[in-house]
Each structure stands twice: as C-alpha cells, then as structure tokens.
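Position 68, counted from 1, in the sequence shown is what our numbering calls 69; the numbers after and before it change by one each time, with no gaps. Written below as structure tokens is the structure these notes are about.
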Amino acid sequence: MDIRFEPTDALILVDIQVDFCPGGKLPIERGDEVVSILNPIIEQAEKQGIYIFYSRDFHPRLHPSFKENGGIWPTHCVQDTEGARFHPELKIAKNSVIVTKGTRFDKDQYSAFDDTGLAVAFKKLDIKRVFIGGLALDVCVKETALDSIKNGFHTFLIKQGTRPVTEKSGEQALLEMKNKGVVII
Ligand SMILES: [Zn+2]
C-alpha cells in the first residue's frame, strides 16, 4: 500500500503487543499479520518525517478490565511483562512516541485519545490527518478512530493493517467508522 503522507499527518499504531498476537494472553486471530503489512508504511512515514505514535495497553495488576477484578477480559498486557511488549518484529521508528493507556484503576481506556491528552498534543503539532492501524479493529482501533473524528482530525483506517476480535463485530466496526466519517483505505 502506498500512502502519500503530508507534513501535517500522523500515524498511530494501536496496541501491536505480544499479548494481542497468537500465543499471547488475549490473542487476536492472525493479529501478528498486521506487522508485515504496517512495517513498510511505518518505514515510509519515517522517511517522510511525519509523526508516528505507538499506543500500548499497559495495565496494573489490579486493572478493572480483568475478569479477576470484575471486568470482561482475561488478564493481559500487565505492566513490565513480556506480553505488554510490542511485537518483536514491529518496526519502531526513530523519534516516534509511545502513548501509554490502560493504567487507570477506575476505568479502561480503549482509545489512544481517552484521557491521554493526545488530541491536545496533535493540535499543538498542527496535525490535520490521522492514519490508524493495529489491534483490535472492533475495540481499541475503532475507539481510537472515532475519537480522532470527534477531535476534528481527518481520519483514515488502514484496513489491511488491522484484525478484529470477531469477524462479525469487525464488520460492524467498519460500518460504524464509515458512518462517522472515517475513510477506510
Ligand atoms: Zn486492555
């Protein structure tokens, strides 16, 4: 895929972490496939000098999203464990920025914009367009894309560079994103 980036673009790679890939604690089917699809796009973005952000789920052991704490998800992406690391083959661009989320004790944060201050940073940087890929399509990618729209950014989903938890909710997520103004590419 050839994306023509502009200087006011940002690329967000959502939660491409060991626990969300096959063999992890909350594996998304074929989740690891996004790495080889997104790496060339990351390289291109790096070459063009646009802003690159990697979000990561980084939960304390007491996190409310875990079943053991009354939540709906198996324990995953616990702070400083192997599972919380980025996929080992994911290209980490020079001068990129990590957005850490899921650290609160009172709520989960699916979106990279949710209480992270990221939208404020984007406005300071004069970012106009946001390109998004990563995991999972129907959870954190969707919420990140919808928040991006809400914050007034022209938002693009890199469809090949994402995978859903389930096919059905993946289809629903695509439809919802499209209806709210996300451009699917
Ligand atoms: Zn999580």
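Yeah, the Cβ is synthetic: ideal placement off N, Cα and C, and Gly gets one too. Computed from a predicted structure; not experimentally measured.
Check whether the Cβ of residue i lies closer than 7 Å to any heavy atom of ligand 1, and answer yes or no.
i: S66; result: yes
i: G103; result: yes
i: D109; result: yes
i: H77; result: yes
i: D1; result: Because the chain here runs from 2 to 186, residue 1 falls outside it and cannot be looked at.
i: H60; result: yes
Would you mind working out which of the options sits nearest residue i, comparing C-alpha positions?
i: I42; options: E177, I133, K129 and F21; result: I133
i: H88; options: F67, K129 and P28; result: P28
i: T163; options: K181, K143, S149 and A120; result: K143
i: Y55; options: K108, Q80 and L119; result: L119
i: G24; options: S112, A85, I186 and R130; result: A85
i: P75; options: D109, S66 and R57; result: S66
i: G135; options: F154, I53 and R5; result: I53
i: H60; options: E44, V183, D16 and M178; result: D16
i: K124; options: I4, F21, D3 and T9; result: T9
i: D127; options: F154, D107 and I159; result: F154
Alpha helix (DSSP H) runs wholly inside the segment 10-45, at least 4 long, in chain order: none
Whole alpha helix (DSSP H) elements within the segment 49-75, 4-residue minimum: The segment 49-75 contains no whole alpha helix (DSSP H) run of 4 or more residues.
Start-end ranges of the beta strand (DSSP E) lying completely within the segment 94-163, minimum 3 residues: Qualifying beta strand (DSSP E) stretches, in chain order: 98-102 and 130-136.
Three CB pairs or more closer than 8 Å across the segment 29-38 and the segment 48-57: no
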